[in-house]
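Participant: Numbering (our numbering), first residue to last: 46 to 566.
A virtual CB, placed ideally from N, CA and C, is assigned to each residue, including glycine.
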Amino acid sequence: MEPTYSINLKQLETKVRLGYHHLYLSMIKGERDLKLDDAAEVASALDLTLDEFHDVLRQKQFRADSRQTSLLEAPGRGPKRTGKPKPSPSVAPAEGKLGVLMPGLGAVATTCMAGVELIKKGLKRPVGSLTQMGHIRLGKRTDANNPLIRDLVPLSQLDDLVFGGWDIYERNCYEAATEAKVIDQPMLESTRDELAAVRPMPAVFENRFVTRINGPNVKSESNKMHLAEALMRDIETFKQENGLSRAVMIWCGSTEIYQSASASHQSLEAFEKGLLQSDPEIAPSQIYAYAALKSGVPFANGAPNLTVDFPAMQELAKREGVPICGKDYKTGQTFMKTLIAPGLKARLLGLNGWFSTNILGNRDGLVLDDPDAFKTKEVSKLGALEVILQPEEYPDLYAKFDHLVRINYYPPRGDNKEGWDNIDIFGWLDYPMQIKINFLCRDSILAAPLVLDLALFLDLAKRSGMAGTQEWLSFYFKSPMVAPELYPEHDIFIQLMKLKNTLRWMAGADLITHLGLEYYD
Ligand SMILES: NC(=O)c1ccc[n+]([C@@H]2O[C@H](COP(=O)([O-])OP(=O)(O)OC[C@H]3O[C@@H](n4cnc5c(N)ncnc54)[C@H](O)[C@@H]3O)[C@@H](O)[C@H]2O)c1
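1) Counting C-beta neighbours from all protein chains within 10 Å, is the total for LYS105 16 or more, i.e. buried, or is it exposed?
2) Which runs of the alpha helix (DSSP H) fall wholly inside the region 224-277 and span at least 4 residues, in chain order?
3) Note down, one range per segment and in chain order, each beta strand (DSSP E) of at least 3 residues found wholly within the region 360-439.
4) Is the region 537-557 close to the region 404-415, with three or more CB pairs under 8 Å?
5) For PRO416, count neighbouring C-beta atoms within 10 Å of its own C-beta (all shown protein chains included) and say buried if the count is 16 or more, exposed if not.
6) Using a Cβ-Cβ cut-off of 6 Å (strictly less than) and excluding sequence neighbours within five positions of TYR564, which residues of its own chain qualify?
7) Could you check what DSSP says for PRO124 in three-state terms: helix, strand or coil?
8) Measure the CB-CB distance between SER401 and PRO349 and report whether it falls below 8 Å.
9) Classify ASN567 as helix, strand or coil using the three-state DSSP reduction.
10) Report the three-state DSSP secondary structure of GLY561 (helix, strand or coil).
11) Applying the criterion that 16 or more other CB atoms from any shown protein chain within 10 Å of the CB defines a buried residue, is LEU57 buried or exposed?
12) Per DSSP, which one or two residues make a beta bridge with PRO148?
13) I need the straight-line Cα distance from ALA292 to GLU281, nearest angstrom please.
14) In this structure, does DSSP put PRO477 in helix, strand or coil?
15) Would you check whether ligand 1 has a heavy atom nearer than 7 Å to the C-beta of GLY149?
16) Just to confirm the assignment: which complete alpha helix (DSSP H) runs, minimum length 4, are found wholly within the region 146-184?
17) What's the gap between the Cα of LYS125 and the Cα of HIS559?
18) Please confirm whether any heavy atom of ligand 1 lies closer than 7 Å to the CB of PHE250.
19) Taking the alpha-carbon positions, what's the SER524 to GLY347 distance?
20) GLU336 lies in the alpha helix (DSSP H); which residues open and close that run?
21) When burial is assigned at 16 or more other CB atoms within 10 Å of the CB, is PHE538 buried or exposed?
22) Tell me the DSSP bridge mates of GLU463?
23) Around the C-beta of GLN322, are 16 or more other C-beta atoms found within 10 angstroms, so that it is buried, or is it exposed?
24) Among residues of its own chain, excluding the 5 on either side of GLY298, which ones have a beta-carbon nearer than 6 Å to its beta-carbon?
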């Protein structure tokens, strides 16, 4: 009998850039190929020559340690794939460096960036990030099989992220983070070198779309198509200079004025003609998105702008095989709404009114002080309640509620927003009750982990061959983008279930329906 090699896949994973599920399928099950350079790394980690390694591989002599085997072979991980909408994709490994490009290097972008550096140095923890701290159940509850998400699917490591971006101001990211005053200055000092090294590339900007700010670091070209081409050159240069194998783009720029889709937005042909003719209806964020998609770079929209939420961009995303998602990070008050409203509806408690107001003193607050920019935000914030409460299904409970949202720019508060909600509800025999919420939050602290997760999940989606709107990422957004025939899902718990089932599907695991009758057979 041939000897077997017991190996710790988790330790090997640090030598190559593959998830240990991939290693398991390649080395233990022999179902996937290892690339030559990964095979060389693994062989040398095991003290084998490449030829010996391949012999051992062929003879199926590798064994994972028992905990890992039970994790990866638990019921639900096998080839049985019941109830899946499509066969699971083959997910390319997260090899090489991933560029995270952000138009808008302000409070949110620099808080994400500084956070990643602090976490890499072991000075802080990635609280709030599903990709870093989240677990996912596989199989039955009795299987006790609950790995970290990042152990189930191959995500880029934090060490492999390279940040970059554009802004209308010339300050570097250390200066921008200092100005944003989100992270305490002594803590920020520990990441000074890394942040100072990120200097904004000149932006594509039009004051008409963001009226309250203006800056010198702006591109000038003869038409909007040339602006898009300049951005594509930036992306290519950034990839080459940093030796990147892939990139994603996450919009962290200011909220643009309210816009609905015009004729130029209806098809890719019309949009490209609009770019050539510098159609005034084409906003800067759309030019970034176009440049990203043309460069094969997935795009997430963290603001409520139109940006990628129109037919031309969806057509381009599908054509180029690139994932897109948006809109508007779900943090603060809307996050609270999507926690509470599903609970009220679950218990069939009625709603007479929901009044939400905020004070906010950062630059985002200044931009939103413009009524046209606020309108974009207001539309995004108002949508959630109607969809969660389904007044058409429950007219007695939800047909007539008042819903008001206010944002007040109040400089002393900086990034530390304070939100108040007054919720007038009614219960049994129509007796009225009230709920008051006073959320003293930190806007960018809530948004930063979402930026990181979106960067990693969008890259995963791209490596899984997924293109167009990524509804499974609705979890992160106030106004989730969906296929034209669908209403968006706003309930955060359904969104999380959808996200996790998508990850299970990508990993070839069984989906979880939460039916649970089998425990009582
Ligand atoms: N922080 C949150 O909780 C939260 C939640 C949802 C959405 N958002 C959205 O995220 C975005 C960023 O928020 P923030 O607090 O970092 O704002 P911020 O004002 O601190 O940063 C935005 C940056 O974008 C730059 N900018 C504007 N237009 C640009 C362009 N065309 N190209 C390049 N740079 C441009 C600005 O100069 C600024 O530095 C805003 O749109 C905000 O509405 C934030």
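Facilitator: Reading off the structure:
1) As a working note, residue 105 is residue 60 in the sequence shown. Counting the other Cβ atoms within 10 Å of the Cβ of LYS105 gives fewer than 16, which makes it exposed.
2) Counting whole runs of 4 or more residues, the region 224-277 contains the alpha helix (DSSP H) stretches 230-234, 237-241.
3) Within the region 360-439, the complete beta strand (DSSP E) runs of at least 3 residues are 368-371, 395-405.
4) Below 8 Å, too few C-beta pairs join the region 537-557 and the region 404-415 to call them touching: fewer than three.
5) Numbered from 1 along the sequence shown, position 371 holds the residue referred to as residue 416. By the neighbour-count criterion, in which a residue is buried when 16 or more other Cβ atoms sit within 10 angstroms of its Cβ, PRO416 is exposed.
6) Taking the first residue of the sequence shown as 1, we reach residue 564 at position 519. So the list is empty, once near-sequence residues are dropped.
7) Looking up residue 124 in the sequence shown gives position 79. In this prediction, PRO124 scores a pLDDT of 38, lower than 50, which makes its location untrustworthy; no coordinate-derived value is stated.
8) One-based indexing of the sequence shown puts residue 401 at position 356. One-based indexing of the sequence shown puts residue 349 at position 304. For the 8 Å CB-CB criterion, SER401 and PRO349 do not form a contact.
9) Because the chain here runs from 46 to 566, residue 567 falls outside it and cannot be looked at.
10) In the sequence shown, the residue the question calls residue 561 occupies position 516. DSSP places GLY561 outside both helix and strand once states are collapsed to three, so it counts as coil.
11) Within the sequence shown, the letter at position 12 stands for residue 57. Label assigned to LEU57: buried.
12) Translated into positions along the sequence shown, residue 148 becomes position 103. DSSP lists TRP211 as partners of PRO148.
13) Counted from its first residue, the sequence shown places residue 292 at position 247. Counted from its first residue, the sequence shown places residue 281 at position 236. Distance from the CA of ALA292 to the CA of GLU281, rounded to the nearest whole angstrom, comes to 10 Å.
14) Reading the sequence shown from its first residue, position 432 is the one you call residue 477. In the structure shown, PRO477 adopts extended strand secondary structure according to DSSP, grouped into three states.
15) On the sequence shown, residue 149 is found 104 positions in, with the first residue counted as 1. True, at least one ligand heavy atom lies under 7 Å from that Cβ.
16) 152-165, 175-178, all fully within the region 146-184.
17) Translated into the one-based positions of the sequence shown, residue 125 becomes position 80. Translated into the one-based positions of the sequence shown, residue 559 becomes position 514. Low confidence applies here, because LYS125 scores a pLDDT of 40, under 50, leaving its location unreliable; read the following figure in that light. Cα to Cα, the separation comes out at about 18 Å.
18) As a working mapping, residue 250 is identified with position 205 in the sequence shown. Answer for PHE250: yes, Cβ within range of ligand 1.
19) On the sequence shown, residue 524 is found 479 positions in, with the first residue counted as 1. On the sequence shown, residue 347 is found 302 positions in, with the first residue counted as 1. When only Cα atoms are considered, SER524 and GLY347 end up about 10 Å apart.
20) Walking along the sequence shown from the start, residue 336 turns up at place 291. As written in the sequence, residue 336 is Ala, which differs from the Glu given in the question. Judged by DSSP secondary structure, ALA336 falls within the alpha helix (DSSP H) whose first and last residues are 329-339.
21) As a position in the sequence shown, residue 538 is number 493, starting the count at 1. Taking all protein chains in view, the Cβ of PHE538 is surrounded by fewer than 16 other Cβ atoms within 10 Å, so the residue is classified as exposed.
22) Counted from its first residue, the sequence shown places residue 463 at position 418. DSSP, once it has assigned bridges, lists ILE404, LEU485 as partnering GLU463.
23) Numbered from its first residue, the sequence shown carries residue 322 at position 277. Exposed: under 16 other Cβ atoms inside 10 Å.
24) Numbered from 1 along the sequence shown, position 253 holds the residue referred to as residue 298. Answer for GLY298: PRO148, GLY149, listed in chain order.
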